[in-house]
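Participant: The structure under discussion is supplied below as structure tokens; questions concerning it will follow.
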Amino acid sequence: LARRADALAVGPGLGRSEATEGIVGRLWREFPGPAVFDADALWWLARLDSEALAAHAGPRVLTPHAGEMRRFLADGSAAGAPPTAGAPPSAGVLEAAARSLAVECGLVILLKGPDTLITDGSRQARNTTGNPGMASGGSGDVLTGILAALFCQPQAGPGAPHRFDPFDAARVAAWVHGRAGDLAAADLGELSLTARDLITWLPRAFPAIVAPAG
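Here it is, written out as structure tokens:
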């Protein structure tokens, strides 16, 4: 299946069995196209050192929330960072680790949170859409799906392998995801938002990236 794929989304619903460790590692090393790694895939990747994380065959985007990013620090894989102990690292420490990991391993990191950071080490962006109601199960899986879908868009021109480079794809995906959440919240309220609500509002969110809202 991977040989026929234009892009991959790896992690949601995957589990943490020994078999999945091998699947994640092989896809990380060998899949030549763009791939998004999230959820359980991040659990396995956080166990790798920076040299192994840098040994990937194609564009890679990681989409950790703060807890998942802490695992990269705790295991010492975030750009050679020493294991952490005691109080959880601050948001600033996690963001610095994300930037360092992106530089050292040639990755794009989308660090999810109230002030989502997207970075490839040299560039960074903050997402301005979204609301607290989106902090519910499955919301991150929707983001992963949006990002993988953007990687599958038609070529922008001769010789262009994908419409978006990994950084731009991550930035656009975060914005559209948050915009769908804002539209859903305006209709339903934040308190009971679900991942399915985000999907329902995606058709209204996507046009805003190519035309002014009106």
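Going by the numbering used here, the sequence shown runs without a break in its numbering and finishes at 198.
Even for Gly, the Cβ is constructed at its ideal location relative to N, Cα and C.
This structure is a prediction, so every number in the text was calculated from the model and none was measured.
Cutting at 7 Å between CB atoms, please list the residues of its own chain near Pro18, excluding the five before and the five after it.
Facilitator: Result list for Pro18: Ala(-9), Gly42, Pro43, Phe135, His146 and Pro150, in chain order.
Participant: Using the C-alpha atoms, what's the distance from Trp12 back to Gly64?
Facilitator: Confidence in Gly64 is poor, its pLDDT being 47 and thus under 50, which makes the residue's placement too unreliable to answer from.
Participant: What would DSSP say about Thr103, mapped onto helix, strand or coil?
Facilitator: Strand at Thr103.
Participant: Return the residue from the list Glu35, Gly(-3) and Arg10 that minimises the CA-CA distance to Gly22.
Facilitator: Residue identity differs from the one stated: residue 22 is Asp in this sequence, not Gly. Minimum Cα distance to Asp22 is reached at Gly(-3).
Participant: Tell me whether Val77 sits in a helix, a strand or coil according to DSSP, three-state version.
Facilitator: Here Val77 sits in helix by DSSP.
Participant: Is Thr184 closer than 8 Å to Gly(-5) when the C-beta atoms are compared?
Facilitator: Cβ distance not < 8 Å, so Gly(-5) and Thr184 don't count as in contact.
Participant: So Leu26 and Glu2 are supposed to be a Cβ contact under 8 Å. How far apart are they, rounded?
Facilitator: Not confirmed; about 17 Å, so no contact.
Participant: Look at the alpha carbon of Ala197 and the alpha carbon of Val156, and state the distance between them as a whole number of angstroms.
Facilitator: Note that Ala197 scores a pLDDT of 46, beneath 50, so its modelled location is shaky; the value from the coordinates is reported in the next line. Approximately 15 Å between the Cα atoms of the pair.
Participant: Is it the case that the Cβ atoms of Ala30 and Arg55 are separated by a distance below 8 Å?
Facilitator: Yes. Within cutoff.
Participant: From the DSSP output, in three-state form, read off Val156 for me.
Facilitator: Here Val156 sits in helix by DSSP.
Participant: Can you give me the Cβ contacts of Phe190 inside the same chain, cut-off strictly under 7 Å, excluding the 5 residues immediately before and after it?
Facilitator: Result list for Phe190: Val160, in chain order.
Participant: Grouping DSSP H, G and I as helix and E and B as strand, with all else coil, what is Leu95?
Facilitator: Three-state DSSP puts Leu95 in a strand.
Participant: For Val45 and Ala169, what's the separation of their Cα atoms in angstroms?
Facilitator: Their Cα atoms are separated by approximately 27 Å.
Participant: Assign Thr103 to one of two classes, buried (16 or more other C-beta atoms within 10 Å of its C-beta) or exposed (fewer than that).
Facilitator: The residue is buried, with at least 16 neighbouring Cβ atoms inside 10 Å.
Participant: Using 10 angstroms around the beta-carbon of Glu79, count the other beta-carbons present and answer buried if the total reaches 16, otherwise exposed.
Facilitator: Counting Cβ neighbours within 10 Å, Glu79 comes out buried, since at least 16 surround it.
Participant: Is the distance from the Cβ of Leu94 to the Cβ of Thr47 below 8 Å?
Facilitator: Cβ atoms of Leu94 and Thr47: closer than 8 Å.
Participant: Smallest Cα separation from Pro116: which of Ala133, Ser106 and Gly97?
Facilitator: For Pro116, the nearest C-alpha among the options comes from Gly97.
Participant: Taking its Cβ as the centre, do 16 or more other Cβ atoms sit within 10 Å of Ile124, making it buried, or is it exposed?
Facilitator: The amino acid at residue 124 is misidentified as Ile; the sequence shows Gly. When all chains shown are included, Gly124 counts as buried.
Participant: Consult DSSP for Val194 and reduce its assignment to one of helix, strand or coil.
Facilitator: The answer is coil: DSSP assigns Val194 none of H, G, I, E or B.
Participant: Under DSSP, the alpha helix (DSSP H) around Ala25 begins and ends at which residues?
Facilitator: Looking at the DSSP string, the run of the alpha helix (DSSP H) that includes Ala25 is Asp24 to Leu29.
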